[in-house]
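Just below is one structure, and these are the notes that go with it.
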Ligand SMILES: [Zn+2]
């Protein structure tokens, strides 16, 4: 009597297929990126102690520009790099 029906196997297979479907669809249907927001960031670094800081870009900044004193050691802070980075909306 216990040999008659074994619905659990078929059920599990169906369940697995159903569960896997969204994952498969998510991978396949992903040509569009959610939101590709970019922002310009400025990396500021200290010549004295190696302190670095990332901040938002302000107009007029350029690489090599002096930005005042380091909060740690008082040496000159300089703009090290300016670049665009992608902002992940889900992270914020
Ligand atoms: Zn410093």
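Residue numbers (the working numbering): 43 to 134. Backbone N, C-alpha and C fix where the C-beta goes; we use that ideal spot for every residue, glycine too. Because the structure is a prediction, the values reported are computed rather than measured.
So the candidates are the options; which of them puts its Cα closest to the Cα of residue i?
{"i": "residue 104", "options": "124, 110, 90, 88", "result": "124"}
{"i": "residue 106", "options": "93, 87, 56, 129", "result": "87"}
{"i": "residue 91", "options": "70, 68, 127, 111", "result": "111"}
{"i": "residue 115", "options": "89, 98, 128, 109", "result": "89"}
{"i": "residue 102", "options": "83, 117, 59", "result": "83"}
{"i": "residue 93", "options": "71, 85, 99", "result": "85"}
{"i": "residue 97", "options": "64, 72, 126, 78", "result": "126"}
{"i": "residue 121", "options": "95, 128, 78", "result": "95"}
{"i": "residue 128", "options": "51, 81, 68, 58", "result": "81"}
At what residues does the alpha helix (DSSP H) containing residue i begin and finish?
{"i": "residue 55", "result": "49–70"}
Quick check on the burial criterion: 16 or more other C-beta atoms within 10 angstroms. Buried or exposed for residue i?
{"i": "residue 53", "result": "exposed"}
{"i": "residue 61", "result": "exposed"}
Any residue with its C-beta under 5 Å from a non-hydrogen atom of ligand 1 counts. Can you list them all in chain order?
The set, ordered by position in the chain, is 88, 90, 91, 93, 112, 114, 115, 117.
What are the uninterrupted segments assigned as beta strand (DSSP E) that are 3 or more residues long and contained completely in the region 77–124, given in chain order? Within the region 77–124, the runs of beta strand (DSSP E) at least 3 residues long that lie entirely inside it are, in chain order, 79–88, 94–98, 108–111.
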